[in-house]
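J.: Structure in structure tokens, see below.
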Amino acid sequence: MSHPSLHTPHEDTICALATAPGGALGLIRVSGPRALVAVSSICRNDMTAFPANTIHYTHIVNGGEVIDEVMVSIFRSPHSYTGEDSVEISCHGSRYIINNVLELLVQHGCRMAGPGEFTMRAYLNGKMDLSQAESVADLIASTNKATHQLAMLQLRGGFSSELSRLREQLLKLTSLLELELDFSDHEDLEFADRSELLSLTKEIDSRVISLAQSFEAGQVIKQGIPVAIVGKTNVGKSTLLNTLLKDDRAIVSNIHGTTRDTIEEAIDLNGVQFRFIDTAGIRQTQDEVEKIGIDRTLQKVKEARIVIWLLDQRPTSGEIDEMHALSEGKRTIYVHNKADLVDMDHFVPYIEPLSLISAKKGEGIDNLKRRIYEEAEQAGLTTNSSDIIVTNARHYDALLRAHDSIHRVLDGLDQHLSGDLLSEDLRQALSCLAEITGQGQITTNEVLGNIFKNFCVGK
Ligand SMILES: Nc1nc2c(ncn2[C@@H]2O[C@H](COP(=O)(O)OP(=O)(O)OP(=O)(O)O)[C@@H](O)[C@H]2O)c(=O)[nH]1
Ligand SMILES: [Mg+2]
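FYI, the numbering for the sequence shown is 1 to 459, going by the numbering used here.
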């Protein structure tokens, strides 16, 4: 869609259904200078003089026909979501009613809103910055506590204030350099502050790097932390998946090599999404299809963040070495299954720590879940801390470019380049960070169009 001219006030008034069709109620949003006039024209009451932040009971009428009994909320500029005069109409969820109300609004001078247009107006009117506007879409898309928390932190400005701290530091650097320029004819002053400049630049760079690095964790959290369940054939991997899911998802049998392909299912543990992957049991085989399955298992181990090695008997020391080699660099949890068959009086753990479970009887599963969560926590993949985690590819890209520029400043300082050469790179770093929040510079229609095109209409 094409957005209206971005840097002029919005002359037109937009309307859209904000709720999903099919519910008991529908919420229709109207925003812009004619919002109150347009809604008044289709209601029994004239609302143009109604005070801000009030709700009114009224009827929508079309000619002589009463279309619906509705509640109407009045917001006045600048104290509304968009910053403009806005009205929200709560009507009944009927498609007929909703279409009728929207048609009437259009007849009275409103225009149907494009995707995200209300939020785009909120941004253009200074109600939120660009990264906060983007978090609105993430918030709507959030499916669990973790993704909700990430979006909420960003919406409430956690990331924005971190960026503005970084920008302040970059500006401080710039002014220190300018000071150096001003006094450049005093020779003894020229490099006096260079060590301070260097340490400040390094400090900024390491923060930018750690923000950029958090993107990977952000992606994992959004998509679900991959946990591969691996082991020899018949140890109970598919049984464990089914028990975790509380569902008969994977085929279980006492025939070795039952699972051929990988099976993936998401489970929420303490509000964090995990993707459990049941795999083909590892063994020597002549069966071509099974071989392909085992290759896939090894691939899944590589992709996993956490590996559950399932065993049902004491492995040989050669097998232990093999397990260590395969899961090297992964967070690995060793689990002995079929505890119901174990003589506990004589059981000696052969790897430390070793979790004991019975997948079939559901024993030890809560403990195992706790361990899985702890591993994710230690890997920084849970969001219980208030640490900023970057989740948006556009932000990640801008951070990488900011890092490049800052790196050039570091090199320049190293090579004793003059201040004016360095401040060019500093300005670039500043502008990359400003891109994220869309502040302090012109954000093009194309950029905004790309950001908001994926929003829902009505948001
Ligand atoms: N006694 C007992 N048997 C179990 C337990 N867990 C699984 N089994 C049995 O072990 C056999 C193999 O279980 P599966 O879940 O199919 O094993 P798998 O590791 O997926 O096997 P493959 O897909 O062949 O690699 C089945 O007969 C299960 O009922 C358990 O905790 N106790
Ligand atoms: Mg299986």
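Even for Gly, the Cβ is constructed at its ideal location relative to N, Cα and C.
Assuming Leu413 and Leu241 make a contact with CB atoms under 8 Å, what is their CB distance in whole Å?
T.: About 54 Å; that fails the 8 Å criterion.
J.: Quick one: does the C-beta of Gly231 sit closer than 7 Å to a heavy atom of ligand 2?
T.: No.
J.: Any idea what DSSP makes of Ile357, helix, strand or coil?
T.: Of the three classes helix, strand and coil, the one that applies to Ile357 here is coil, per DSSP.
J.: How many angstroms separate the CA atom of Val227 from the CA atom of Asn125?
T.: If you take the alpha carbons of Val227 and Asn125, they lie about 44 Å apart.
J.: Looking only at C-alpha atoms, which of Arg95, Pro115, Thr48 and Val307 sits nearest to Pro33?
T.: The residue with the shortest Cα to Cα distance from Pro33 is Thr48.
J.: Ignore the nearest five residues each way along the sequence and tell me which others in Ala137's own chain have a CB closer than 6 Å to its CB.
T.: Excluding positions up to five away in sequence, the list reads Phe455.
J.: So which of Ala280, Thr382 and Glu288 has the shortest CA-CA distance to Gln273?
T.: Answer by Cα proximity: Thr382.
J.: For Val70 and Ile55, which I take to be in contact (beta-carbon distance under 8 Å), what is that distance rounded to the nearest angstrom?
T.: With a Cβ gap of about 10 Å, Val70 and Ile55 do not count as contacting.
J.: I want to know whether the region 208–220 touches the region 284–297 - three or more CB-CB distances under 8 Å.
T.: No, they do not touch.
J.: Under 7 Å from any heavy atom of ligand 2, does the C-beta of Gly293 make it?
T.: Not so, every heavy atom of ligand 2 lies at least 7 Å from the Cβ.
J.: Give the C-beta separation of Leu426 and Thr174 to the nearest angstrom, bearing in mind that I take them to be a contact with Cβ-Cβ under 8 Å.
T.: Indeed they touch by this definition, with Cβ atoms about 5 Å apart.
J.: Do Gly364 and Leu354 have their C-beta atoms closer together than 8 Å?
T.: No, Cβ-Cβ distance for Gly364 and Leu354 is not below 8 Å.
J.: For His3 and Gly114, what's the separation of their Cα atoms in angstroms?
T.: Here the model assigns His3 a pLDDT of 41, short of 50, so the residue's position is not dependable, and the following value carries that caveat. Cα to Cα, His3 sits roughly 8 Å from Gly114.
J.: Does the region 256–270 come into contact with the region 301–315, if we say contact requires no fewer than three beta-carbon pairs (one atom in each stretch) closer than 8 Å?
T.: No contact exists between the region 256–270 and the region 301–315.
J.: Counting pairs of Cβ atoms below 8 Å between the region 231–247 and the region 274–281, do you hit three or more?
T.: Verdict: yes, contact present.
J.: Given that a residue counts as buried once 16 or more other Cβ atoms are within 10 Å of its Cβ, and exposed if not, what is Tyr373?
T.: Tyr373 comes out buried.
J.: Return yes when at least one heavy atom of ligand 2 lies under 7 Å from the C-beta of Asp278, else no.
T.: Correct: Asp278 has its Cβ closer than 7 Å to ligand 2.
J.: Could you compute how far the alpha carbon of Ala398 sits from the alpha carbon of Cys432?
T.: Each residue's alpha carbon lies about 5 Å from the other.
J.: Can you have a look at Met344 and say buried or exposed, based on whether 16 or more other CB atoms are within 10 angstroms of its CB?
T.: Exposed, by the Cβ-count rule.
J.: For Ala228, verify whether its CB is less than 7 Å away from any heavy atom of ligand 3.
T.: This structure lacks ligand 3; its bound ligands are ligand 1 and ligand 2.
J.: Have a look at the DSSP bridge pairing and note the partners of Tyr334.
T.: Trp309 and Leu354, per the DSSP bridge assignment.
J.: Which same chain residues end up closer than 6 Å to Ala192 when comparing Cβ atoms and leaving out the 5 residues on each side of it in sequence?
T.: Summary for Ala192: the model assigns pLDDT 42, below 50, so the residue's position carries little reliability, and this model does not support an answer.
J.: Can you tell me which of the three DSSP states Val39 falls into?
T.: Correct three-state label for Val39: helix.
J.: What is the DSSP secondary structure of Ala18, reduced to helix, strand or coil?
T.: Reduced to three states, the DSSP call for Ala18 is coil.
J.: So if DSSP puts Ile436 in a beta bridge, which residue, or which two residues, is it bridged to?
T.: Ile436 pairs with nothing; no bridge assigned.
J.: Runs of 3 residues minimum, wholly inside the region 244–313: which ones carry the beta strand (DSSP E) assignment?
T.: For the region 244–313, whole beta strand (DSSP E) runs of length 3 or above, ordered along the chain, are 263–269, 272–278 and 306–311.
J.: Give a yes or no on whether 8 Å exceeds the smallest Cβ distance from Ala49 to chain D.
T.: Going by chain labels, chain D is absent from the structure shown, which holds only one protein chain.
J.: Can you tell me where the beta strand (DSSP E) holding Phe75 begins and where it ends?
T.: It spans Glu65 to Phe75 - the beta strand (DSSP E) in which Phe75 sits, taken as one unbroken run.
J.: For the alpha helix (DSSP H) containing Tyr396, list its first residue and its last residue.
T.: First-last of the alpha helix (DSSP H) with Tyr396: Ala393 to Asp414.
J.: Roughly how many angstroms lie between the CA atoms of Phe118 and Gln439, to the nearest whole one?
T.: One C-alpha to the other measures close to 18 Å.
J.: Under the DSSP definition of a beta bridge, which residues are partnered with Ile89?
T.: DSSP output for Ile89 lists Ile28 and Val72 as bridge partner(s).
J.: Taking only the alpha-carbon atoms, compute the straight-line gap between Arg331 and Arg371 and give it to the nearest angstrom.
T.: Spanning the two alpha carbons is a distance of roughly 11 Å.
J.: Just to confirm before moving on: does the CB-CB distance between Arg16 and Met112 stay below 8 Å?
T.: The amino acid occupying residue 16 in the given sequence is Ala; Arg does not appear at that position. Their beta carbons are under 8 Å apart, which means Ala16 touches Met112 by this criterion.
J.: Taking Thr58 as the reference, give the member of Pro51, Asp46, Gly64 and Ala52 with the closest Cα.
T.: Closest by alpha carbon: Asp46.
J.: According to DSSP, is Asn454 part of a helix, a strand, or is it coil?
T.: DSSP places Asn454 in coil when its eight states are reduced to three.
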